[in-house]
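As numbered in this note's numbering, the sequence shown has no gaps in its residue numbers, which increase by one up to the final residue, 1204. A short worksheet on the structure shown next.
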Amino acid sequence: MSEPGGSVRYTGRVYRYYDFVMAAFVTVLLCSNLIGAAKAAQVTLPWIGPVTFGAGVLFFPVSYIFGDVLTEVYGYGRDRRVVWAGFAALAFATFMSVVVLSMPVAPFMADYQKSLQDVFGNTWRIALGSLIAFCCGSFTNSYVLAKMKVWTQGRWLWTRTIGSTLAGELVDSSLFYVIAFYGIWPLEKVIQVAVAQYVLKTGWEVVMTPVTYRVVAFLKRAENEDWYDRDTNFTPFRLRV
């Protein structure tokens, strides 16, 4: 276990719940991108009026909550492995969608093929934007939280879970909508939807803060771990902890 006064490293440390958190993270990521992204929802808010957003925004922020939990308990290095696992899963799901949809369709499935195309047939810009935005946003989130934990000496968990999400989601939303829709949608629409998504995503983090506290406390006790990234190599381009 790493202590606030130093950085103690255990080689080959086995954790009881790390794999489960990783699996949950990847599941939320895939479902929110492949299911939620297919539907644009609209709600009318007081004083604001109609707000359009991707339905996946209801669940995608949960992946950032998992990222906060992973970095807070296990450290940036182990969260980095989870981010790359999620990136690989999302890339494969995108590749599989392209291959499956491009295969010749049986005559009796012709009508169904159009429905599949509508749901899973994202353009290359949307797929690329999703991959890049997820990767950059997740690493930003983890880096900010890890640094803030050292600066605050492990106090005020809420400041770093919310602060890191504000930074990570800003990178994520900005990159995704520019890459996916700039030049296709009017610029003001790109900005409007991106801002709405950002507010909703970060709002989720605030609402879920009590749950994050409980999960972090449970894992720290169960794993006997509370990692401080004092000597961490923060490059995103490695898998080793």
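The beta carbon of each residue, even a glycine, is placed where N, CA and C say it ideally should be.
- Annotated as distal: Asp-1042 and Phe-1097, with beta-carbon spacing of 8 angstroms or more.
- With respect to Leu-1064, Phe-1050 sits apart: the two C-beta atoms are not nearer than 8 angstroms.
- A straight-line Cα-Cα distance of about 7 angstroms links Leu-1138 and Gly-1092.
- In this structure, Val-1113 and Tyr-1191 form a Cβ contact; the two beta carbons are roughly 6 angstroms apart against a cut-off of 8 angstroms.
- In this chain, the alpha helix (DSSP H) harbouring Pro-1024 covers 1024–1037.
- With respect to the 8 angstroms criterion, Glu-1188 and Val-1036 are classified as neighbours on the basis of their beta carbons.
- Less than 8 angstroms divides the Cβ of Glu-1168 from the Cβ of Thr-1124.
- Secondary structure note for Gly-1084: it is in no alpha helix (DSSP H), with a DSSP letter that is neither H nor E.
- A residue is called buried when at least 16 other Cβ atoms come within 10 angstroms of its Cβ; Val-1062 does not meet this threshold and is exposed.
- Residue environment: Gly-1017 is assigned as buried (16 or more neighbouring CB atoms within 10 Å of its CB, all protein chains considered).
- Annotation: Tyr-981 to Arg-1203 spans about 15 angstroms, alpha carbon to alpha carbon.
- One Cα belongs to Leu-1021, the other to Ser-995, and the distance between them is close to 8 angstroms.
- Rounded to the nearest angstrom, the Cβ distance from Leu-1033 to Val-1045 is 6 angstroms, consistent with a contact under 8 angstroms.
- Gln-1076 has its alpha-carbon roughly 55 angstroms from the corresponding atom of Gln-1116.
- Under the three-state reduction of DSSP, Gly-1092 is assigned to helix.
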